[in-house]
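Student: Residue numbers (full-length UniProt numbering): 1 to 325.
Ideal Cβ placement from N, Cα and C applies to all residues, glycine included.
1. Could you tell me which uninterrupted alpha helix (DSSP H) segments, each at least 4 residues in length, are contained entirely in the region 82 to 170, listed from first to last along the chain?
2. Which residues bound the alpha helix (DSSP H) around residue 270?
3. If we count the other Cβ atoms within 10 Å of its Cβ and call it buried at 16 or more, is residue 66 buried or exposed?
4. Hey, would you say residue 144 sits closer than 8 Å to residue 221, going by beta carbons?
5. For residue 188, which three-state DSSP category applies?
6. Looking at residue 65 and the ligand SAM, is the gap between the Cβ and the nearest heavy atom below 7 Å?
7. Write down the C-beta distance between residue 244 and residue 165 rounded to the nearest angstrom, noting that I regard them as a contact closer than 8 Å.
8. May I have the straight-line CA-CA distance separating residue 63 from residue 310, to the nearest angstrom?
9. Determine which residues share a DSSP beta bridge with residue 41 and list them.
10. Less than 8 Å between the C-beta atoms of residue 34 and residue 109, yes or no?
11. In the structure shown, what three-state DSSP assignment does residue 217 receive?
12. Sort out for me which residues DSSP pairs residue 257 with in a bridge.
13. Go through its chain and collect everything with a Cβ distance to residue 315's Cβ below 6 Å, but skip five positions before and after it.
14. Is the Cβ-Cβ distance between residue 40 and residue 93 less than 8 Å?
15. Count the other C-beta atoms from every protein chain shown that fall within 10 angstroms of the C-beta of residue 275, then say buried if there are 16 or more, exposed otherwise.
16. So, is residue 205 buried or exposed, given that buried needs 16 or more other C-beta atoms within 10 angstroms?
17. Return the CA-CA distance between residue 123 and residue 246, expressed in angstroms with no decimal places.
18. Let's test the definition: count the other Cβ atoms within 10 Å of the Cβ of residue 98 and tell me whether it reaches 16, buried, or not, exposed.
19. Could you tell me the boundaries of the alpha helix (DSSP H) in which residue 49 lies?
As structure tokens, then:
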């Protein structure tokens, strides 16, 4: 269950990033470990070549998963020296990441680095993510833009949206992740078979953290820099946020059913009790039944009992599923 995860939380001071990266980059990690950098992307012809070239010095192989791009993403990535997996149509980031994990398992890799293809992340910071994996301090290393105070000028609307999505994700994991939607992560080979890949879209970031908690994997965060002056998605941030939040809520309902259904059910029963007392008080004073309050009382009672019952049933099913595993 999620409560079994051992979560490590490290804060590396911003002024230490350059020295750590320099020290790690001088270590021939790719001679001791088979490291693959995977880059899921969609229409990223502007940035992909640079990301591939800058990632190669830290990896044995760079893999680009072109998720149905209509531009020259695959062509440029291939020229830069990347292995290419191409989707004929846009299937979603979750499918692209699933392909990356299937690839590293076939390649017998020791470490997988995921980095987005839009140029927001700096491949030169890959050693920051590799270090905790190699030292055995973590199974998963999550890059966080929010661990650098005043270092990343995150637009206000992005910060609010990220905090909402991260809070929802943390509800599902019972952990304190600071940047649940970051696409810059490292995974040890221990994690390669731990993810369900139920989500095809952008909610895959949260799903993987929830799966990691269920598997009892050690998660550690390190500070990374993120650029916002690169050409990015034209997707409406509001619709994008709700598009990610909706499946996260679905995941929470599956992983923590007592919280998701039981708490609202309890609140409904408390509300029902309040209206019940109001109905009785009015009846004692006037000998008249307050029909409106009575209807609210009955509705809240029915919904509350149903919600709590649903939570208990799903919780029981979840426990059976865990025992079967």
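Tutor: According to the structure shown:
1. 93 to 106, 126 to 134
2. Sequence index remark: in the chain shown, residue 270 carries index 270 (1-based). Note, residue 270: alpha helix (DSSP H), 263 to 286.
3. Looking up residue 66 in the chain shown gives position 66. Per the 10 Å Cβ criterion, buried.
4. Start at 1 with the first residue of the chain shown, and residue 144 comes out as number 144. Start at 1 with the first residue of the chain shown, and residue 221 comes out as number 221. A contact, by the Cβ cut-off of 8 Å.
5. Against the chain shown, residue 188 aligns to sequence position 188. Residue 188 falls in the strand class under three-state DSSP.
6. The model depicted lacks the ligand SAM and carries no ligand whatsoever.
7. Along the chain shown, read from residue 1 onward, the residue named residue 244 stands at position 244. Along the chain shown, read from residue 1 onward, the residue named residue 165 stands at position 165. With a Cβ gap of about 6 Å, residue 244 and residue 165 count as contacting.
8. Within the chain shown, residue 63 is the residue found at index 63, counting from 1. Within the chain shown, residue 310 is the residue found at index 310, counting from 1. Roughly 44 Å separates the two Cα atoms.
9. Position 41 of the chain shown holds residue 41. Answer is 66.
10. Here residue 34 is taken as the residue at index 34 of the chain shown, counted from 1. Here residue 109 is taken as the residue at index 109 of the chain shown, counted from 1. Result yes, Cβ atoms of residue 34 and residue 109 sit closer than 8 Å.
11. As a first step, residue 217 must be located in the chain shown, where it is residue number 217. Correct three-state label for residue 217: coil.
12. Position 257 of the chain shown, counting from 1, holds the residue named residue 257. For residue 257, which the question treats as bridged, DSSP gives no partner whatsoever.
13. Taking the chain shown and counting its residues from 1, one reaches residue 315 at position 315. Correct list, in chain order: 257, 258.
14. Position 40 of the chain shown, counting from 1, holds the residue named residue 40. Position 93 of the chain shown, counting from 1, holds the residue named residue 93. Yes.
15. Looking up residue 275 in the chain shown gives position 275. Its Cβ being crowded by 16 or more others within 10 Å, residue 275 is buried.
16. Looking up residue 205 in the chain shown gives position 205. Classification of residue 205: buried, given that the 10 Å Cβ count is 16 or more.
17. For the purposes of this step, residue 123 is identified with residue 123 of the chain shown, where counting begins at 1. For the purposes of this step, residue 246 is identified with residue 246 of the chain shown, where counting begins at 1. Taking the straight line from one Cα to the other gives about 31 Å.
18. For the purposes of this step, residue 98 is identified with residue 98 of the chain shown, where counting begins at 1. Buried: at least 16 other Cβ atoms inside 10 Å.
19. Translated into positions along the chain shown, residue 49 becomes position 49. Residues 48 to 56.
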